[in-house]
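Notes for the one structure printed next.
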Amino acid sequence: MDTDALQRAIARAITDPDAALPPGLIGSPARLNVHRNNIAASLTAVLAARYPVIRRLVGDDFFGAAAGTFIACHPPQNPALMEFGGAFSVFLAALEQAASHPYLPDIARLEWARHTAFHAADAEPADLSIIARLDPDRMPLLRLSMHPSAAVIGSSFPILSIWRTNSFDATVKPIALEAGGETVLIVRPHLDVVTAIMPTASDRFTAALAGGATLGDAAQAAAAHAPDFDLATALAELFRRQAFAAIIPSTI
Amino acid sequence: MIASSIPPRAGVGLKPEHYAAIMAEQPDIGWFEVHPEHYMGAGGLPHHMLSRIRRDYPLSLHGVGMSIGGAGPLDRDHLDRIAALVRRYEPGLFSEHLAWSSHESTYLNDLLPLPYTAETLSLVAFHVDEVQEVLNERICIENPSTYVRFAQDEMSEIDFLANLARRTGCGLLLDVNNVYVSAANHGFDPRAYVDDFPVEHVGEIHLAGHARLDADDPAGPLLIDAHDRAVHAEVWELYNRFVKRAGARPTLVEWDNDIPVWSVLFGEAQEAESILNGY
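Protein sequence lines, in the order shown, are assigned to chains H and W. The first sequence lines up with residues -17 to 234 when you count with this note's numbering. The second sequence lines up with residues 30 to 308 when you count with this note's numbering.
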């Protein structure tokens, strides 16, 4: 057996708990289990560190089982494991056993955004004073760059309230799902990741801005989903939380 | 001994859990080592802290994901990211493992064993040449902890590593805990292994703790390279034996799971340093 065929056989055997020892290996099934356990335990630990609130919400047993299935379906594609696990929200959305917790995928998106913000490129955030110096009539024509770490997540569930109590409270506070959805900004202006509430449809607004839309066009895109969307309020909140990197000078 | 800017002193693997203690105490320690895979993000706290560490201490990069022993071609994107970190941090040393961890597009996140044959030697040598060419420096390759062996083995691990060092000019990283773990798992004498190890190629030594697993294995309990506890007395003894023969070499204490408070890890480094100072 050449090296490629041998490694294919070993790779297959260690990702299948019932596989026999591939031909040519001297050892025992227990010895192959060391590698199986190393892989399962290390990747589950990576997911647990990345999704601590999901883990608390579903408990260790459920989380371990879900992580095992996820690892089998979406194994890492390269050794930079900081890129591993981004598909967990999509996976949870399709997981039948998680259907009774319909907010889990959005919580997972929030936790993944915190993880990517932690590792995002450094950039000086734009200062709130910039906006005060601008001609209000020209403001709708302005284009803004989001800070490289910024993400805004809109949900029909109170995801920030759920995330907060499961992150910081020894005893989880009951959260009424009927309270409605929350829109959340995740950003890391300097070294610390900030997670903050934003006006409804700010996710539509910032997505349009990130796509190159002017403030006026982005506000219209947001208002299409939330008629009471107010450009001035949303801008003030986003600037206060340092969610913008810079203003493109040529458009001022 | 290969030239490097890592001093022949004791260092430890840098853990985020210890950033604050290291900043506060500025310990007198020879050097730090990191897994470059943990520093492949664009920015943020990891790079901020590593830059501060690098300003004050020599740094070594210890790769765990290059899959040097993989049958397929090296992952050039990964190698380019390593090269970018080498340019940014100018480490005194880069090391990797005699193992494989990727197959086709899947990264298996473990150090998997390979048979020691003329074919695999050519394969590993080809990959080591490629890494050394891209990084423009001599790298060190580490002996693995192994749990299974191969019927097709044509040479010993030591002969394989010595041949590899001769063919590529690479250095070797002697992991004394791995020697102890593999020796227990395969029933060979760890003292003979460290006595036979080609001392002239050794650029770095690793120490770590291991776990004992009462597995369903006919050979008895298995030792696992767990990096989750203090260095065992038997491993210190092997280390002492090697340093007595080799002289002081850069020595790293690894502790990657169940990470203790800083003072405990620093104490392990001081223990290694006291042994280095004896020779």
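For glycine and all other residues, C-beta sits at the position ideal for the given N, C-alpha and C. Since the model is a prediction, treat every value here as computed from it, not as a measurement.
Check                                                                                                                    : Outcome
Buried or exposed (CB count within 10 angstroms, at least 16 for buried), residue 234/W                                  : buried
Proximity of residue 370/W and residue 114/W at Cβ, strictly below 8 Å                                                   : Residue 370/W lies beyond the residue range present for chain W, which begins at 30 and ends at 308; the question has no answer from this structure.
Closer than 8 Å at the beta carbon, the chain W residues around residue -2/H                                             : Near residue -2/H there are no residues of chain W at all, since even the closest Cβ is about 13 Å away, more than 8 Å.
Residues near residue 291/W by beta carbon distance below 6 Å, same chain, minus five either side                        : 47, 50
For residue 125/W, three-class secondary structure by DSSP                                                               : strand
Close Cβ partners of residue 186/H (< 6 Å) along its chain, the five nearest in sequence each way excluded               : 203, 204, 207
C-beta neighbour in chain W for residue 70/H, strict 8 Å                                                                 : no
Three-pair Cβ contact test at 8 Å for the segment 201 to 208 of chain W versus the segment 159 to 174 of chain W         : yes
Under 8 Å between C-beta atoms of residue 64/W and residue 91/W                                                          : yes
The segment 242 to 253 of chain W: positions lying closer than 7 Å to chain H by Cβ                                      : 244, 245, 246, 247, 251, 253
Where residue 235/W falls: helix, strand or coil (DSSP)                                                                  : strand
Interfacial residues, the segment 91 to 108 of chain H to chain W, with Cβ spacing under 9 Å                             : 98, 99, 100, 101, 102, 103, 104, 105
Test: residue 25/H CB closer than 8 Å to a CB of chain W                                                                 : yes
For residue 132/W, the residue or residues it bridges with in DSSP                                                       : 135/W
Burial state of residue 173/H, where buried means 16 or more other Cβ atoms lie within 10 Å                              : exposed
Environment of residue 136/W [buried if 16+ CB atoms lie within 10 Å]                                                    : buried
Delimiting residues of the beta strand (DSSP E) encompassing residue 39/W                                                : 39 to 42
Members of the segment 40 to 52 of chain H near chain W, C-beta cut-off 8 Å                                              : none
DSSP-derived helix/strand/coil call for residue 95/W                                                                     : coil
Test item: CB-CB of residue 305/W and residue 40/W under 8 Å                                                             : no
Which of helix, strand or coil DSSP assigns to residue 81/H                                                              : coil
CB contact flag (residue 111/W, residue 279/W, <8 Å)                                                                     : no
Cβ pair count under 8 Å reaching 3, the segment 266 to 273 of chain W against the segment 203 to 221 of chain W          : yes
Proximity winner among 132/H, 36/H, -2/H, relative to residue 147/H (alpha-carbon distances)                             : 36/H
Beta carbon of residue 89/W nearer than 8 Å to that of residue 127/W                                                     : no
For residue 262/W, the nearest candidate out of 239/W, 276/W, 244/W, 251/W (CA to CA)                                    : 239/W
Three or more C-beta pairs below 8 Å linking the segment 90 to 109 of chain H and the segment 163 to 182 of chain H      : yes
CA nearest to the CA of residue 161/W, picked from 194/W, 175/W, 177/W, 185/W                                            : 194/W
C-beta atoms of residue 191/H and residue 121/H nearer than 8 Å                                                          : no
Close-in-space but distant-in-sequence residues of the same chain around residue 55/W (CB under 8 Å, 5 per side omitted) : 85
Cβ-Cβ separation, residue 178/W to residue 215/W (assumed contact under 8 Å), whole Å                                    : 6 Å
Min CB distance residue 59/H to chain W below 8 Å                                                                        : yes
Limits of the beta strand (DSSP E) - the one that residue 240/W falls within                                             : 240 to 242
Interface flag, residue 112/H vs chain W, CB-CB below 8 Å                                                                : no
Span separating the alpha-carbon of residue 183/H from that of residue 209/H                                             : 9 Å
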